[in-house]
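In the working numbering, the protein residues as written are 1 to 291.
In what follows, a structure is listed as structure tokens, so that the remarks can point back to it.
In structure tokens form, the structure reads like this:
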């Protein structure tokens with residue numbers, strides 16, 4: 001029988017990122033969330049799993065760094081200090097270069113053996129600077145006069161008997177007391193991303209945290225590539241379906257902690273971008289490298 005550390009049960013919760021990884025590869029989910037919580041294992045190197053989970057995918061790097069930069073700038077706004085587009089761009093460029101220098105140790109694909117591509121870093125540097133310009137030139141002017149409430153903070157709330165974790169990019173309030181839930185997206189504004197589930201979860205959290213009804217909350221995805229602000233409205237029925245999905249997800253994910261319940265789903269391209277490719281016996285990352 002698998003024995004997990006006490007902290008696993010104390011902090012066990014549903015999150016959108018867990019949902020995404022579960023759908024992507026259940027064995028990767030096992031390594032990421034169950035393996036690192038095991039008290040001991042004859043077959044797994046638990047300290048190694050804990051190190052591997054901190055690797056970042058190069059495909060998510062641009063978004064990660066832009067979120068960091070905007071979090072810092074909005075923090076300045078909260079403190080009553082001026083925001084600086086130039087300062088944001090300097091910070092972003094510095095962070096890109098830090099990852100360029102340590103690509104082999106910090107980025108999944110390069111850690112797994114892919115040849116480091118300098119053009120990749122040049123591209124995300126240029127694209128990221130463009131998106132920061134879009135934020136300061138188009139997006140922020142539409143948000144800055146709203147009342148600031150909070151940004152980029154983790155929070156937990158109950159969905160039935162299940163705890164869920166959220167981290168909303170920006171929460172503000174209009175003069176007529178309507179909540180505005182904003183989430184930045186750095187990908188294309190036509191990407192498939194299960195946005196209803198993610199944004200709907202934020203709305204459920206906002207309803208509980210601020211004691212609001214669905215019609216008192218405006219939720220939006222903001223695409224920094226184009227400046228498009230896509231609004232969402234949820235009915236009570238839709239929100240109930242999202243609640244059902246969260247509870248169902250959590251129950252399925254925690255039905256058992258036997259590794260056989262978490263089958264691998266090997267695919268060369270997917271495996272190359274997996275944090276655990278170097279320890280998973282089913283990994284097909286080498287096939288992708290040899291193409």
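We put the beta carbon where it would ideally sit given N, CA and C, even for glycine.
Predicted model, so just to flag it, every value in this text is computed and none were measured.
Check: Whose C-alpha, out of 232, 158, 61, 267, is nearest the C-alpha of residue 96?
Finding: 61
Checklist line | Every unbroken beta strand (DSSP E) inside the segment 203-286 [3 residues or more] | finding: 217-223, 229-232
Note to self: Just to confirm before moving on: does the CB-CB distance between residue 222 and residue 139 stay below 7 Å?
What the structure shows: yes
Check: When burial is assigned at 16 or more other CB atoms within 10 Å of the CB, is residue 135 buried or exposed?
Finding: buried
Item checked: Span of the beta strand (DSSP E), counted from its first residue to its last, around residue 156 -> 153-159
Notebook entry, point to check: Relative to the C-alpha of residue 67, which residue among 49, 91, 244 is closest?
Noted result: 91
Margin query: Measuring only the C-alpha atoms, how far is residue 10 from residue 163?
Written below: 10 Å
Next item on the list: Tell whether a beta-carbon distance below 7 Å holds between residue 34 and residue 273.
Entry: no
Check: Excluding five sequence neighbours on each side, which residues of the same chain lie with their C-beta closer than 8 Å to the C-beta of residue 24?
Finding: 265, 270
Checklist line | Beta-bridge partners of residue 164, as assigned by DSSP | finding: 14, 157
Check: For residue 183, which option in 159, 175, 160, 153 has the closest C-alpha, if you only look at C-alpha atoms?
Finding: 153
Item checked: Integer-rounded CB distance, given that residue 143 should sit under 8 Å from residue 16 -> The pair is not a contact, with the Cβ atoms about 22 Å apart (cut-off 8 Å).
Notebook entry, point to check: Beta-carbon separation of residue 79 and residue 275 under 7 Å?
Noted result: no
Note to self: Within a Cβ cutoff of 7 Å, which residues of the same chain sit near residue 13, ignoring the five residues on either side of it in sequence?
What the structure shows: 156, 163, 164, 165
Checklist line | Residues bridged to residue 181 [DSSP beta-bridge criterion] | finding: 171, 219
Next item on the list: For residue 200, count neighbouring C-beta atoms within 10 Å of its own C-beta (all shown protein chains included) and say buried if the count is 16 or more, exposed if not.
Entry: buried
Check: Do you know offhand how far residue 288's Cα is from residue 278's?
Finding: 14 Å
Check: Helix, strand or coil: how does DSSP classify residue 56 here?
Finding: strand
Next item on the list: Identify which residue in 285, 203, 172 has its Cα closest to the Cα of residue 315.
Entry: A question about residue 315 goes unanswered here, because the residues of the chain that appear run from 1 up to 291.
Note to self: Just to confirm before moving on: does the CB-CB distance between residue 121 and residue 100 stay below 7 Å?
What the structure shows: yes
Checklist line | Where residue 81 sits in the DSSP three-state scheme | finding: coil
Check: In this structure, does DSSP put residue 134 in helix, strand or coil?
Finding: helix
Next item on the list: Output the distance between the C-alpha atoms of residue 125 and residue 283, rounded to the nearest integer angstrom.
Entry: 31 Å
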